[in-house]
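S.K.:
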Amino acid sequence: MATTTLPDSASEAVPFGGVEPDEAWAEEVRALARRTDAVILAHNYQVSAIQDIADHTGDSLALSRIAAASDASTIVFCGVHFMAETAKILAPDKTVLIPDARAGCSLADSIDGAQLRAWKAEHPGAVVVSYVNTTAEVKAETDICCTSSNAVDVVASIPADQEVLFCPDQFLGAHVKRETGRENLHVWAGECHVHAGINGAELTARAAANPDADLFIHPECGCATSALYLAGEGMVPREKVRILSTGDMVREARATRAKSVLVATEVGMLHQLRKAAPGIDFRAVNDRASCRFMKMITPAALLRSLREGADEVHVDPEIAARARASVRRMIEIGKPGGGE
Numbered sequence: 076m077a078t079t080t081l082p083d084s085a086s087e088a089v090p091f092g093g094v095e096p097d098e099a100w101a102e103e104v105r106a107l108a109r110r111t112d113a114v115i116l117a118h119n120y121q122v123s124a125i126q127d128i129a130d131h132t133g134d135s136l137a138l139s140r141i142a143a144a145s146d147a148s149t150i151v152f153c154g155v156h157f158m159a160e161t162a163k164i165l166a167p168d169k170t171v172l173i174p175d176a177r178a179g180c181s182l183a184d185s186i187d188g189a190q191l192r193a194w195k196a197e198h199p200g201a202v203v204v205s206y207v208n209t210t211a212e213v214k215a216e217t218d219i220c221c222t223s224s225n226a227v228d229v230v231a232s233i234p235a236d237q238e239v240l241f242c243p244d245q246f247l248g249a250h251v252k253r254e255t256g257r258e259n260l261h262v263w264a265g266e267c268h269v270h271a272g273i274n275g276a277e278l279t280a281r282a283a284a285n286p287d288a289d290l291f292i293h294p295e296c297g298c299a300t301s302a303l304y305l306a307g308e309g310m311v312p313r314e315k316v317r318i319l320s321t322g323d324m325v326r327e328a329r330a331t332r333a334k335s336v337l338v339a340t341e342v343g344m345l346h347q348l349r350k351a352a353p354g355i356d357f358r359a360v361n362d363r364a365s366c367r368f369m370k371m372i373t374p375a376a377l378l379r380s381l382r383e384g385a386d387e388v389h390v391d392p393e394i395a396a397r398a399r400a401s402v403r404r405m406i407e408i409g410k411p412g413g414g415e
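Under the numbering used here, think of the first position of the sequence shown as 76, with each following residue one higher.
1) Go through the segment 264–311 residue by residue and report every complete run of the alpha helix (DSSP H) that reaches 4 residues or more, in order.
2) Is it the case that the Cβ atoms of leucine 260 and valine 203 are separated by a distance below 8 Å?
3) Decide yes or no for the touch test of the segment 154–174 against the segment 133–145: beta carbon pairs closer than 8 Å, at least 3 of them.
4) Would you call methionine 310 buried or exposed, if buried means 16 or more other Cβ atoms sit within 10 Å of its Cβ?
5) With a cut-off of 8 Å, do at least 3 Cβ pairs link the segment 295–308 to the segment 328–336?
6) Three or more beta-carbon pairs under 8 Å between the segment 147–154 and the segment 106–116, yes or no?
7) Considering only the beta carbon of each residue, do glycine 188 and valine 213 sit closer than 8 Å?
8) Can you give me the C-alpha to C-alpha distance between serine 185 and cysteine 267, rounded to a whole angstrom?
9) Between isoleucine 408 and aspartate 175, is the Cβ-Cβ spacing less than 8 Å?
10) Nearest-angstrom Cα distance between phenylalanine 357 and serine 224?
11) Is any heavy atom in the ligand ZN found nearer than 7 Å to the beta carbon of aspartate 127?
12) From the DSSP output, which residues share a beta bridge with arginine 358?
13) My understanding is that valine 104 touches isoleucine 128, with C-beta atoms under 8 Å, so please give their C-beta distance in whole angstroms.
14) Return the chain-ordered ranges of every beta strand (DSSP E) run that is complete within the segment 190–266 and spans a minimum of 3 residues.
15) If we ignore side chains and look at the alpha-carbon of each, how far apart do alanine 183 and alanine 385 end up?
16) So, under 8 Å CB-CB, serine 320 and aspartate 134 are touching, yes? Tell me the CB distance rounded to an integer number of Å.
17) What span of residues does the beta strand (DSSP E) with leucine 172 cover, start to end?
18) Determine the DSSP secondary structure at threonine 132, reduced to helix, strand or coil.
19) Do alanine 196 and isoleucine 164 have their CB atoms nearer than 8 Å?
20) Look at the alpha carbon of glutamine 190 and the alpha carbon of alanine 101, and state the distance between them as a whole number of angstroms.
21) Contact between the segment 272–279 and the segment 238–255: three or more CB pairs below 8 Å?
22) Have a look at aspartate 130 and alanine 108 and give me their C-alpha separation to the nearest angstrom.
23) Are valine 365 and isoleucine 219 close, meaning C-beta to C-beta below 8 Å?
24) On the DSSP letters alone, give me the boundaries of the alpha helix (DSSP H) that histidine 156 sits inside.
25) Can you tell me where the beta strand (DSSP E) with isoleucine 150 in it begins and where it stops?
26) Compute the distance between the beta-carbons of cysteine 180 and phenylalanine 368, then report whether it is under 8 Å.
Structure, rendered in structure tokens:
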């Protein structure tokens, strides 16, 4: 298991502060990264200053693959703990740091290895498909990982008469079940607290107030079903509704001809979308959809990490090997796409 530990509640943990992300901060971060042979990776949900200082910004799986391919000996992963674990799984010989090891994830924490083993015992012979937004221990108990981009392809690749256990996100699982029509797909009742809070009523109201806007909906969102309902009932043109991973949102932003887009995901995503397509008006469906875990990676935390080599993530080699196998199986099926 990883050696990093998390508090009972992220609300009990005070983020590192007292540092302004000014030019002096940026210069020191860059100098320390050069001195320590480090590459800085930032998830799309990070604060804008962290995204802008990073060498690479993207979703968790894409960044982990960059980590594995990088020539740098040290990876500084500005994200939450399962993301740094995944980078360590794919780059076992590199030093992987997370600027604040207390940055957890409500979705990844919604199932652990013991719970998954118990669920598997109730369904002998079932194939376990786990979202990459899970801990190393859960990945090690998994047959095939998936992303939100290729979850449907992964499940469709499994023989139709074989049971499937899908975890941990119930909204992504519902999306996969709807798309595949598969009745023997069992879905774990986990969720991301931020995405679950973006509800159908908010989406309906925003869509009604912005009838010309396209809708970019992350499949983890509680409003994903409502978006498809609006399209099915003709309340929103079907071609305006797009269920997308974070990586696909950036690609779609560059391709769309819409003048305005309503975005249902964590608000940090808006920074990358606006950079990708500055001429489009991107607005959040829920302005309060901010992940307190992601925002624990502050400018002060990044500076501390580079100065002190904190906090290093270690994954047990046997767990890492089993987890790596489930990730590799995913990459062989469909398009791996984005991490979430």
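C-beta atoms are modelled at their ideal positions from N, C-alpha and C, and glycine is treated no differently.
M.R.: Reading it off the structure:
1) Qualifying alpha helix (DSSP H) stretches, in chain order: 268–271, 275–284, 299–307.
2) Contact flag unset, no.
3) At 8 Å Cβ cutoff, the stretches touch.
4) By the neighbour-count rule (16 or more Cβ atoms within 10 Å), methionine 310 is not buried but exposed.
5) The segment 295–308 is not in contact with the segment 328–336.
6) Enough Cβ pairs lie closer than 8 Å, so yes.
7) Contact flag set, yes.
8) In this structure, the straight-line span from the alpha carbon of serine 185 to that of cysteine 267 is close to 9 Å.
9) Cβ atoms of isoleucine 408 and aspartate 175: not closer than 8 Å.
10) Distance between the alpha carbons of phenylalanine 357 and serine 224: 21 Å.
11) This structure simply doesn't include the ligand ZN, nor any ligand for that matter.
12) Paired residues: Leu337.
13) Contact between valine 104 and isoleucine 128 holds, since their C-beta atoms are separated by about 6 Å, short of 8 Å.
14) For the segment 190–266, whole beta strand (DSSP E) runs of length 3 or above, ordered along the chain, are 202–206, 219–221, 239–242, 260–262.
15) Taking the Cα positions, alanine 183 is about 22 Å away from alanine 385.
16) With 8 Å as the limit, serine 320 and aspartate 134 qualify as a contact, their Cβ atoms being about 7 Å apart.
17) Taken as a continuous stretch (DSSP letters only), the beta strand (DSSP E) holding leucine 172 covers 170–172.
18) Three-state DSSP puts threonine 132 in a strand.
19) Against a cut-off of 8 Å, the Cβ pair of isoleucine 164 and alanine 196 comes out as no contact.
20) Using only the alpha carbons, I get a separation of about 43 Å.
21) With contact defined as three or more Cβ pairs closer than 8 Å, the segment 272–279 and the segment 238–255 are not in contact.
22) The alpha-carbon separation between aspartate 130 and alanine 108 amounts to approximately 10 Å.
23) A small correction: the amino acid at residue 365 is serine; valine does not occupy that position in the sequence shown. Cβ atoms of serine 365 and isoleucine 219: not closer than 8 Å.
24) In this chain, the alpha helix (DSSP H) harbouring histidine 156 covers 156–165.
25) Isoleucine 150 -> beta strand (DSSP E) spans 149–153.
26) Their beta carbons are under 8 Å apart, which means cysteine 180 touches phenylalanine 368 by this criterion.
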